[in-house]
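Here's the structure, in C-alpha cells; my notes come after.
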Amino acid sequence: EALFHSRDRSDRAPAPLRRAPPIAGLPAAQRFLSKYGWAPGPPGAGPRRDGPPEGPQGAALAQALRRFQEVNALPASGRLDAATLAAMNRPRCGVPDTRPPLPAASAAPRAPPPPPGPRPKARPKR
Amino acid sequence: FLHLLLAAPPGPHPQDEGAARAGGAQAFAKRTLSWRLLGEGYSRQLPADQQRHVLRLAFRMWSEVTPLTFREDPGPGASADIKLGFGRGRHLGCPRVFDGVGQEFAHAWRLGDVHFDDDEHFTPPTSDVGISLLRVAVHEIGHVLGLPHSYRAGSIMQPNYTPRGPAFELDWSDRKAIQRLYGSCAGSFDTAFDWIRTERSPRGDATARFSTYFFRHGWYWLYENRNNRTRYGDPLPILAGWRGVPAQGIDAFVHVWTWGRDERYFFKGNRYWRYDSDRDQAYSEDERGHSYPRLISEGFPGIPSPLDTAFYDRRRQLIYFFKGPWVFAFDVPRNRVLGSSPKKMTEVFPAIQPRNHPLRSLDAAYYSYAHRAVFLFKGSAYWRVASDGDRKRRPGLPPNGLFPAQPIPDKWFDVCDVHASTLNM
Chain A
18 EALFHSRDRS
28 DRAPAPLRRA
38 PPIAGLPAAQ
48 RFLSKYGWAP
58 GPPGAGPRRD
68 GPPEGPQGAA
78 LAQALRRFQE
88 VNALPASGRL
98 DAATLAAMNR
108 PRCGVPDTRP
118 PLPAASAAPR
128 APPPPPGPRP
138 KARPKR
Chain B
1063 FLHLLLAAPP
1073 GPHPQDEGAA
1083 RAGGAQAFAK
1093 RTLSWRLLGE
1103 GYSRQLPADQ
1113 QRHVLRLAFR
1123 MWSEVTPLTF
1133 REDPGPGASA
1143 DIKLGFGRGR
1153 HLGCPRVFDG
1163 VGQEFAHAWR
1173 LGDVHFDDDE
1183 HFTPPTSDVG
1193 ISLLRVAVHE
1203 IGHVLGLPHS
1213 YRAGSIMQPN
1223 YTPRGPAFEL
1233 DWSDRKAIQR
1243 LYGSCAGSFD
1253 TAFDWIRTER
1263 SPRGDATARF
1273 STYFFRHGWY
1283 WLYENRNNRT
1293 RYGDPLPILA
1303 GWRGVPAQGI
1313 DAFVHVWTWG
1323 RDERYFFKGN
1333 RYWRYDSDRD
1343 QAYSEDERGH
1353 SYPRLISEGF
1363 PGIPSPLDTA
1373 FYDRRRQLIY
1383 FFKGPWVFAF
1393 DVPRNRVLGS
1403 SPKKMTEVFP
1413 AIQPRNHPLR
1423 SLDAAYYSYA
1433 HRAVFLFKGS
1443 AYWRVASDGD
1453 RKRRPGLPPN
1463 GLFPAQPIPD
1473 KWFDVCDVHA
1483 STLNM
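Quick mapping for you: the protein sequence lines, in order, are chains A and B. To convert, note that position 39 of the first sequence is 56 in my numbering; the numbers rise steadily by one, no gaps. To convert, note that position 280 of the second sequence is 1342 in my numbering; the numbers rise steadily by one, no gaps.
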C-alpha cells in the first residue's frame, strides 16, 4: 500500500516509479532478440551472474540483428548500432514477434509454419 | 507456461483441431465470447468505469468486423473466456514480470488473458498524451483472437506503440487478417435502401448525394460505398438515427422520386410512415393532410400487408411490392395496382440460370445508385436484376432477369452485428 495518513489520502506518497532497464549493450540486446523470437534459445528471467550471456552469438547474432533491422526499416548491417538499440527500447507489446528459425544443424523437427498473415515487410522508406 | 507466452503465438483455449485455421493459428470456436476485468486487476490510474468502457469499446471494435460478439461477464473471473487485468512488476499470478515504465507495456496469452503494465501511463481515447489504453487493448485482444504481430504500416498489430492521433480504426488488412480466422459477417437484412440528399452547391446548382443504409432488427448501418465498408462505429440503434419510425422490424423502404415528387416511406405491418428528410423525422401530418402512420390499404389501394419488401422503379414510376411468391406493381401516378398484378415473382423476375431463384419471401429489394442495379436479398444471398445495359450486351437476357445468387458479404463488407449490450456505444 502506498503510505498515507489523512482520511482523504491526499498525502499519499506516490508509488516509486519503476523503470525498465534500458537496452544499452550487447547482453541486453541478445536477451531482447531471444525474448521476442528473433533468435533461438529460451529467454532467461534475467542476466545470469556467471557463465556466457544468453541469446544468439556470432553469425547467429548478426543474422538475428539483420532480420530485426529489416522489419524496422533500419540499415540491415547485422551490427548492434545506436538506431537498433533505440528501436529495441521503444514501448511495445510483450508477445513475441515471430518464431525463431531453427538453426540449420538442428536435429529438431521442422519449425511450424510462420504465423498467419503476410510475411513481415519493411516499413516503407520515408 | 512461459513457453506458451513466449515461444508460440498467443491463442485461445485449446480447441478441437477443427477450429484451427490458417497458418496454425487457433481461433475460438464460439461466436459469443465473455470477458472480464478482474476485480483485483483494475488500474490505479483511471476511474474503474472508464477502464471498463474503454475495454468494452475495444471488444466492440473487433465485433464490428467479425462474426464475433463480446459480452462483459460480471461473474467470477474464472468463468470468463477472456480475463484482463492491470499489474505492476510481478502481477496477477503471472510468471512474466513487467519491467516498469518503458519497453513492455502489455502482453496476451493463448488462453485468453491480457495483462497491462500499470507502470505505463495509460490514457483514455480522448487524450493525445501517454499510451492509449484503447489501442493497446485492441492490439492485445487481436492476439487473444489469434493474430500475430505485423510490421505492415497502419496495422494495429504492430509490436511497437506509435503515437498517433486519438482516433484510429481497424484498417482493411487487419480486417482481412481476422476474417481469415473467423470468416466474414453474413446475415439477412430487414431492408436496404439508398438515401438521397439533394444539396445546393455555392453556385446554386443542385447536386444529389446518396448513402446506403442496411437495417436489421433494431439497428442500422450506413455503408460508405466509396470506402467499401460500413461507417466507423456502426451499427447504431434505429431510434438513434431515425425519429418517429418503428424501433425495429422495418419491412420496406420506398423513395418515390420524380420531378414533382420526393416522398420517402417506411413500411411495417399494415401501416406506413412518411419521413421528412429536411426535418429528419417522420411526419405526423404531411402537406396533403394525411396523418401518419397510415394504413397501407389507404395509401396504396390493393396492396396487401404485411409486406416482405418493396422498391421504387424510377424509370417506370412503379413501386414493386413483394409478399410471399407474389409481386404487386403499383402505378404511382395513377395511384393504383396494375391490372395484371399480382404476378408470380418467377414471372416478373425470371431466373437467368434455371432453378437459381429466391422464389418467395424476400428480405429486401434495393435499387443501388452505386451499382446502378436492383438487388433482391434473401438470407445471406442476393440476386442482381439484369439492367438495360446488361440486356444491350446480352440481348438474350429476359427482362428483369435475375443473375445467379451471390453471397452478400462478397459485395457489401463488414456489415457485422455487435453485442446488444454495446449497441449504444
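In this text, a Cβ means the ideal position worked out from N, Cα and C, and glycines have one as well.
| Query | Result |
| --- | --- |
| Within 8 Å (strictly less), CB to CB, does B:VAL1163 reach chain A? | yes |
| Would you mind telling me which residues of chain A sit closer than 8 Å to B:HIS1481, beta carbon to beta carbon, in chain order? | Residues of chain A passing the Cβ test: none, with the nearest at roughly 25 Å. |
| What are the residues of the segment 1146-1170 of chain B that lie near chain A, defined by any Cβ-Cβ distance shorter than 9 Å? | ARG1150, GLY1151, PRO1157, ARG1158, VAL1159, PHE1160, ASP1161, GLY1162, VAL1163, GLY1164, GLN1165, GLU1166, PHE1167, ALA1168, HIS1169, ALA1170 |
| Of the residues B:PRO1187, B:GLY1103, B:VAL1191, which one's Cα is nearest the Cα of B:VAL1200? | B:PRO1187 |
| Looking at A:ARG109 and B:GLU1166, is the spacing between their C-beta atoms short of 8 Å? | yes |
| Under a three-way DSSP split, which group does B:LYS1092 fall into? | coil |
| For A:ARG36, decide whether its Cβ has a neighbour in chain B, counting only Cβ atoms nearer than 8 Å. | yes |
| Apart from the five residues on each side of it in sequence, which residues of its chain come closer than 7 Å, Cβ to Cβ, to B:LEU1095? | LEU1130, PHE1132, ASP1143, ILE1144 |
| Going along the chain, which residues of its own chain have a beta-carbon closer than 7 Å to the beta-carbon of B:ALA1432, five neighbours each way excluded? | THR1274, ASN1287 |
| Counting pairs of Cβ atoms below 8 Å between the segment 1332-1347 of chain B and the segment 1290-1307 of chain B, do you hit three or more? | yes |
| Taking C-beta pairs closer than 9 Å, name the residues in chain A that B:ASP1181 reaches, listed in chain order. | ALA32, LEU34, ARG35, ARG36, ALA37 |
| Taking the alpha carbon of A:THR101 as the point to measure from, which residue in A:ALA79, A:VAL112, A:GLY111 has its own alpha carbon closest? | A:ALA79 |
| My output table needs one value for B:VAL1307: the three-state DSSP class, helix, strand or coil. | coil |
| Closest by CA to B:GLU1126, which one among B:GLU1182, B:SER1217, B:SER1246? | B:SER1246 |
| So A:ASP5 contacts chain B; which residues on that side make the cut at Cβ distance below 7 Å? | A query on residue 5 of chain A cannot be resolved here, the shown segment of chain A reaching from 18 to 143 and no further. |
| With DSSP run on the structure shown, which of helix, strand or coil describes A:SER51? | helix |
| I'd like to know whether the C-beta atoms of B:PRO1412 and B:LEU1464 end up nearer to each other than 8 Å. | yes |
| So with Cβ pairs under 8 Å, would you call A:GLY61 a contact of chain B? | Annotation note: pLDDT 44 at A:GLY61 (below 50); position unreliable, no value reported. |
| Note down the Cα distance separating A:PRO118 from B:GLU1231, rounded to an integer number of angstroms. | Per-residue confidence for A:PRO118 stands at a pLDDT of 40, beneath the threshold of 50, marking its modelled position as unreliable; the derived number appears in the next sentence. Cα to Cα, A:PRO118 sits roughly 33 Å from B:GLU1231. |
| So A:ARG109 contacts chain B; which residues on that side make the cut at Cβ distance below 8 Å? | GLN1165, GLU1166, PHE1167, PRO1221, ASN1222, TYR1223 |
| Measure the CB-CB distance between B:VAL1436 and B:VAL1318 and report whether it falls below 8 Å. | no |
| How about the segment 1403-1417 of chain B and the segment 1287-1301 of chain B: do they share at least three Cβ pairs that are nearer than 8 Å? | no |
| Once you ignore the five residues that flank B:PRO1366 on each side, which residues in its own chain have a CB closer than 6 Å to its CB? | LYS1385 |
| Flag B:ILE1218 as yes if its beta-carbon sits less than 8 Å from any beta-carbon of chain A, otherwise no. | no |
| Tell me, to the nearest whole angstrom, how far the beta carbon of B:GLY1147 is from that of B:HIS1177; I am working on the premise that it is less than 8 Å. | 6 Å |
| Which same chain residues end up closer than 6 Å to B:PRO1460 when comparing Cβ atoms and leaving out the 5 residues on each side of it in sequence? | PRO1412 |
| Are the beta-carbon atoms of B:ALA1314 and B:ALA1372 separated by less than 8 Å? | yes |
| Output yes if chain A places a C-beta closer than 8 Å to the C-beta of B:ILE1144; else output no. | no |
| Any Cβ of chain B within less than 8 Å of the Cβ of A:ARG65? | Its pLDDT being 40, under 50, A:ARG65 is placed unreliably by the model, and nothing is read from it. |
| Along chain A, which residues have their Cβ under 7 Å away from the Cβ of B:ILE1470? | Going along chain A, no residue has its Cβ under 7 Å from B:ILE1470, so there is no contact; the nearest lies around 25 Å. |
| Can a CB atom of chain A be found closer than 8 Å to the CB of B:ILE1358? | no |
| So B:ILE1312 is in the alpha helix (DSSP H); what residue range does that whole segment cover? | Neither: B:ILE1312 is in no alpha helix (DSSP H) and is coded neither H nor E. |
| So, B:TYR1428 versus B:PHE1439, is the Cβ gap smaller than 8 Å? | yes |
| What is the rounded straight-line gap between the Cα of B:ARG1093 and the Cα of B:ILE1203? | 15 Å |
| Does any CB atom of chain A fall closer than 8 Å to the CB of B:GLU1202? | yes |
| Please compile the residues from chain A whose C-beta is within a distance smaller than 8 Å of the C-beta of B:HIS1205. | CYS110, VAL112 |
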